[in-house]
Amino acid sequence: MRGLKIFSLAFFSYLLLSLYANYFDEDLRKIIYSKGFEPSMVLLGTIFALFFFAVFVWGYLSGVRLPTWFLIALFLITSFYDPPVAPIIALLLIVAYKVRLNPFRGYPEVALALSLVVPLALYFHFGVPLLNKGLRYTLVGPLVLLALLAAVGLSYSHLSLKWKTLLLGAYSVIFFAGTFRSLVLLVYLAYFFSVYFHSPSRKREIGILGVLLMAVILWMSGGIEALMIRVGFTFLVFHNLVRLSIPWGLFHGTLLLSNNPRHMVSELFGASMNYTYFFFGQAVADFGILGVFEAFLLGTFLKESEKSPEALSFVLAVMMYSLDSGIDALTMVFILGALIFERVSN
Numbered sequence: 015m016r017g018l019k020i021f022s023l024a025f026f027s028y029l030l031l032s033l034y035a036n037y038f039d040e041d042l043r044k045i046i047y048s049k050g051f052e053p054s055m056v057l058l059g060t061i062f063a064l065f066f067f068a069v070f071v072w073g074y075l076s077g078v079r080l081p082t083w084f085l086i087a088l089f090l091i092t093s094f095y096d097p098p099v100a101p102i103i104a105l106l107l108i109v110a111y112k113v114r115l116n117p118f119r120g121y122p123e124v125a126l127a128l129s130l131v132v133p134l135a136l137y138f139h140f141g142v143p144l145l146n147k148g149l150r151y152t153l154v155g156p157l158v159l160l161a162l163l164a165a166v167g168l169s170y171s172h173l174s175l176k177w178k179t180l181l182l183g184a185y186s187v188i189f190f191a192g193t194f195r196s197l198v199l200l201v202y203l204a205y206f207f208s209v210y211f212h213s214p215s216r217k218r219e220i221g222i223l224g225v226l227l228m229a230v231i232l233w234m235s236g237g238i239e240a241l242m243i244r245v246g247f248t249f250l251v252f253h254n255l256v257r258l259s260i261p262w263g264l265f266h267g268t269l270l271l272s273n274n275p276r277h278m279v280s281e282l283f284g285a286s287m288n289y290t291y292f293f294f295g296q297a298v299a300d301f302g303i304l305g306v307f308e309a310f311l312l313g314t315f316l317k318e319s320e321k322s323p324e325a326l327s328f329v330l331a332v333m334m335y336s337l338d339s340g341i342d343a344l345t346m347v348f349i350l351g352a353l354i355f356e357r358v359s360n
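Here the numbering used here is used: the first residue of the sequence shown is 15, the next is one more, and so on.
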């Protein structure tokens with residue numbers, strides 16, 4: 015149950031921080047609500063977060079083993095967030111599965127190379143978002159994809175700790191330059207879990223490195239106060255999605271299949287930027303109360319990933335990253351891909 019224990023610790027830590035920012039700290043509360051939402055105790059959002067989490071745990075503990083055809087069907091459906099390229103790639107990956115080829119285990123170094131070289135090429139061609147804030151959302155899609163590839167490479171490769179640490183440093187610089195602190199966190203989580211599950215005796219060293227990296231993320235966020243505002247505002251968005259989506263949802267699946275769901279959410283509230291929406295935000299916004307079925311599936315996904323330390327490292331890293339940003343089609347495709355190809359190995 016180590017996957018559930020780790021995720022639960024992260025989930026409730028995030029929830030407590032969000033409640034503190036929204037309710038117990040008056041200064042933070044004023045800043046959060048200055049963005050346009052009506053004052054609220056976020057009680058409805060808290061109840062639904064706990065309810066969905068309980069169903070997530072139920073899925074984890076249920077022992078349900080989803081048939082491979084079902085995982086493949088979900089994999090293909092969610093790939094239509096970006097037609098025609100993503101569905102074609104998904105079909106090619108299914109062919110690879112049929113011939114017993116596992117790209118996650120077979121080619122992690124390719125994922126590492128792409129996630130190092132392609133961002134530099136993008137910065138050379140378009141410019142560096144850190145130096146030109148107008149590029150921040152221009153490059154967000156490719157950078158998220160590349161960070162997920164980096165997480166795959168760190169989770170599945172058998173490089174030494176020295177090389178993985180050097181790669182982590184390189185990725186920290188690359189995604190820092192992209193101005194997305196959450197992507198720095200994603201690659202660190204993949205690195206941390208990969209090393210921890212394979213070499214638990216090194217947890218002290220990687221823990222110290224994690225503290226240093228968290229300090230960098232706090233600096234990127236503008237300090238603890240700015241990070242708390244981000245967490246509090248994300249949960250406030252989730253609360254308002256719950257308020258508007260119950261009982262049967264607002265988007266009915268189109269949010270999950272959107273290539274920019276966070277922009278869709280911000281438009282719902284009259285903004286023109288990207289709003290993160292919490293781990294269960296997409297399920298609620300798409301399906302309302304029926305989103306509990308997605309929460310159940312996510313619980314089964316986490317349990318299934320525990321069949322190997324590599325898959326667990328990757329899926330756990332992606333799910334913890336999604337606590338703030340929320341689940342979307344791209345993260346779902348990567349989670350499903352990891353589970354499907356793990357069955358090749360087993």
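Glycine included, each C-beta is placed from N, C-alpha and C at the ideal position. Being a predicted model, the structure only gives us computed values, none of them experimental.
Where residue i sits in the DSSP three-state scheme
i: Glu356; result: helix
i: Asp39; result: coil
i: Glu320; result: coil
i: Trp262; result: coil
i: Ala285; result: coil
i: Asp338; result: helix
i: Glu239; result: helix
i: Ser48; result: coil
i: Asn254; result: helix
i: Gly351; result: helix
i: Pro143; result: coil
i: Ala171; result: For the record, residue 171 in the displayed sequence is Ser; it is not Ala. DSSP places Ser171 in coil when its eight states are reduced to three.
i: Arg150; result: coil
i: Arg79; result: coil
Test item: CB-CB of residue i and residue j under 8 Å
i: Ala331; j: Ala204; result: yes
i: Ala100; j: Phe294; result: no
i: Leu175; j: Val225; result: no
i: His277; j: Gly59; result: no
i: Met346; j: Thr82; result: no
i: Leu370; j: Phe207; result: Here the chain comprises residues numbered 15 to 360, so residue 370 is not present and cannot be evaluated.
i: Ser319; j: Gly17; result: yes
i: Met333; j: Phe26; result: no
i: Pro9; j: Ile303; result: Any answer about residue 9 is impossible in this case: the structure gives the chain only from 15 up to 360.
Delimiting residues of the alpha helix (DSSP H) encompassing residue i
i: Phe138; result: 122-140
i: Pro275; result: 275-282
i: Trp177; result: 175-191
i: Phe206; result: 195-212
i: Ile108; result: 99-112
i: Val298; result: 295-301
i: Lys19; result: 16-33
i: Tyr74; result: 57-75
Cβ separation of residue i and residue j, assumed to be a contact under 8 Å, to the nearest whole Å
i: Leu88; j: Leu270; result: No, Leu88 and Leu270 are not in contact; Cβ-Cβ is about 10 Å, not under 8 Å.
i: Leu255; j: Val298; result: 5 Å
i: Phe118; j: Ala352; result: 6 Å
i: Ala110; j: Leu90; result: Ala110 to Leu90, Cβ: 14 Å. No contact.
i: Ala161; j: Val201; result: 6 Å
i: Gly340; j: Gln296; result: 5 Å
i: Ser280; j: Ser322; result: No, Ser280 and Ser322 are not in contact; Cβ-Cβ is about 38 Å, not under 8 Å.
i: Tyr335; j: Ser196; result: 6 Å
i: Ser186; j: Ala164; result: Ser186 to Ala164, Cβ: 11 Å. No contact.
Stretch pair the segment 243-251 + the segment 298-308: three plus CB contacts closer than 8 Å: Segments in contact, no.
The segment 113-126 contacting the segment 143-153, beta-carbon criterion three pairs below 8 Å: Contact between the segment 113-126 and the segment 143-153 is absent, because fewer than three Cβ pairs lie under 8 Å.
The segment 162-171 contacting the segment 282-296, beta-carbon criterion three pairs below 8 Å: Three or more Cβ pairs closer than 8 Å define a contact, and the segment 162-171 falls short of that threshold against the segment 282-296.
Any 3 or more C-beta pairs closer than 8 Å across the segment 132-140 and the segment 183-197: Touching, per the Cβ criterion.
Three-pair Cβ contact test at 8 Å for the segment 312-324 versus the segment 55-72: Result yes; three or more Cβ-Cβ pairs closer than 8 Å.
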